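Asker:
Residue numbers (the working numbering): 19 to 236.
1. Go to residue 154, then tell me how far its alpha helix (DSSP H) extends in each direction, as first and last residue.
2. State the Cα-Cα distance for the pair residue 191 and residue 177, rounded to the nearest angstrom.
3. So, with DSSP's three-state summary, where would you put residue 39?
4. Just the Cα atoms here: how many angstroms apart are residue 174 and residue 70?
5. Between which two residues does the alpha helix (DSSP H) holding residue 232 run?
6. Does DSSP put residue 168 in a helix, in a strand, or in coil?
7. Can you give me the start and stop residues for the alpha helix (DSSP H) that residue 126 sits inside?
8. Thinking just about the alpha-carbon of each residue, which of 214, 153, 108, 68 is nearest to the one in residue 183?
9. Are three or more beta carbon pairs between the stretch 83 to 93 and the stretch 119 to 130 nearer than 8 Å?
10. Starting from the N-terminal side, write out each stretch of the beta strand (DSSP E) that is 3 residues or longer and does not extend beyond the stretch 39 to 89.
11. Using only CA atoms, which one of 77, 75, 76, 120 lies nearest to residue 96?
12. So, residue 111 versus residue 168, is the Cβ gap smaller than 8 Å?
13. Would you call residue 74 buried or exposed, if buried means 16 or more other Cβ atoms sit within 10 Å of its Cβ?
14. Could you check what DSSP says for residue 215 in three-state terms: helix, strand or coil?
15. Does the stretch 185 to 199 come close enough to the stretch 210 to 224 to have 3 or more Cβ pairs within less than 8 Å?
16. Tell me whether residue 56 is buried or exposed, calling it buried when 16 or more other Cβ atoms sit within 10 Å of its Cβ.
17. Who are the near neighbours of residue 212 in its chain, counting only those whose CB is closer than 6 Å to its CB and skipping five residues on each side?
18. In chain order, what residues of the same chain have a beta carbon less than 8 Å from the beta carbon of residue 45, not counting five sequence neighbours either side?
19. By DSSP, does residue 198 sit in helix, in strand, or in coil?
20. Quick one: Cα of residue 221 to Cα of residue 136, how far?
21. Going by C-alpha to C-alpha distance, which of 106, 58, 162 sits closest to residue 118?
22. Thinking just about the alpha-carbon of each residue, which of 185, 165, 158 is nearest to the one in residue 149?
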């Protein structure tokens, strides 16, 4: 037994009355994959807001999104991002933490932003456009990184990049039609994210590939 590995020692002790006082291994404890949670939180919140942007729901009910933006899209993704850090997944950590912060900022802007007296409506629209454009730029470079994740994840990021850019153009141009088109793109993005979340949780639960995500070639 002089050359016994920690794993062999732990295996030999299974079923004994006296388990070891300290863990047999020193590696990090395994945790569940936070990806399906982060994607589901993103998808649901995006879907509801995009229904407003697409004109399927009246703009007056936009506040219904705020609860989702705070608790599910915001805090849910933020938690998923922290767990991705725990799993040493830089891409997932950055993506979920950032989009969680996006939804928290959306909630904060909707609740607290009040233009200064005398601010023109066009200036407010331009500010919103810059906000959306900046997120489009971030999403665009995350799309490049997503190419090494999976085809399903890349599809989500390509669609989201287009959604942010079209919505930004809609704000800059003051065009309801362009904004509605961006809303429809957002709905498609949400469906793609839902599929990716669905595939992740189903494949993990069934312990085999039920729904393909087209893993990237390493």
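Backbone N, C-alpha and C define an ideal beta-carbon position, used for all residues, glycine too. Small disclaimer: the values here were computed from a predicted structure and weren't measured.
Answerer: Put simply:
1. In the chain shown, residue 154 corresponds to position 136, counting from 1. Unbroken alpha helix (DSSP H) run through residue 154: 139 to 164.
2. Position 173 of the chain shown, counted from the first residue, corresponds to residue 191. Position 159 of the chain shown, counted from the first residue, corresponds to residue 177. About 21 Å.
3. Here the question's residue 39 lines up with position 21 in the chain shown. Note on residue 39: pLDDT 43, under 50, position unreliable in the model; no value is reported.
4. For the purposes of this step, residue 174 is identified with residue 156 of the chain shown, where counting begins at 1. For the purposes of this step, residue 70 is identified with residue 52 of the chain shown, where counting begins at 1. Going by the C-alpha atoms only, they are around 20 Å apart.
5. For the purposes of this step, residue 232 is taken as residue 214 along the chain shown, with counting starting at 1. Element bounds for residue 232: n/a, residue is neither H nor E.
6. Here residue 168 corresponds to residue number 150 of the chain shown, with the count starting at 1. The answer is strand: DSSP assigns residue 168 an E or B state.
7. Taking the first residue of the chain shown as position 1, residue 126 is located at position 108. Following the DSSP letters along the chain, one finds residue 126 inside the alpha helix (DSSP H) bounded by residues 108 to 130.
8. If you number the chain shown from 1, residue 183 lands on position 165. Per the Cα distances, 153.
9. Yes, they touch.
10. Residue ranges of uninterrupted beta strand (DSSP E) with 3 or more members are absent from the stretch 39 to 89; none lies entirely inside it.
11. What you label residue 96 is simply residue 78 of the chain shown in a count that begins at 1. Of the listed residues, the one whose Cα sits closest to residue 96 is 120.
12. Counting from one through the chain shown, the residue named residue 111 turns up at place 93. Counting from one through the chain shown, the residue named residue 168 turns up at place 150. No, they are not a contact pair.
13. Reading the chain shown from its first residue, position 56 is the one you call residue 74. Answer is exposed; the Cβ neighbour count stays below 16.
14. Here residue 215 refers to the residue found at position 197 of the chain shown. DSSP places residue 215 in helix when its eight states are reduced to three.
15. Fewer than three beta-carbon pairs drawn from the stretch 185 to 199 and the stretch 210 to 224 are found closer than 8 Å, and the two stretches are therefore not classed as touching.
16. In the chain shown, the residue the question calls residue 56 occupies position 38. Under a 10 Å Cβ-count criterion, residue 56 is classified as buried, with 16 or more other Cβ atoms of the shown protein chains found around its own Cβ.
17. Residue numbering aside, residue 212 sits at position 194 when the chain shown is read from its first letter. Only residues of its own chain outside the window of five on either side were considered, and among them 61 have a CB closer than 6 Å to the CB of residue 212, listed in chain order.
18. Residue 45 sits at position 27 when you count from the first residue of the chain shown. Annotation note: pLDDT 44 at residue 45 (below 50); position unreliable, coordinate value reported separately. Around residue 45: no qualifying Cβ.
19. Against the chain shown, residue 198 aligns to sequence position 180. In the structure shown, residue 198 sits in a helix (DSSP, three-state: H, G or I).
20. As a working note, residue 221 is residue 203 in the chain shown. As a working note, residue 136 is residue 118 in the chain shown. About 55 Å.
21. The count along the chain shown starts at 1 and reaches residue 118 at position 100. If we check each option's Cα against that of residue 118, 58 comes out closest.
22. In the chain shown, counting from the first residue as 1, residue 149 sits at position 131. Cα-wise, what sits closest to residue 149 is 185.
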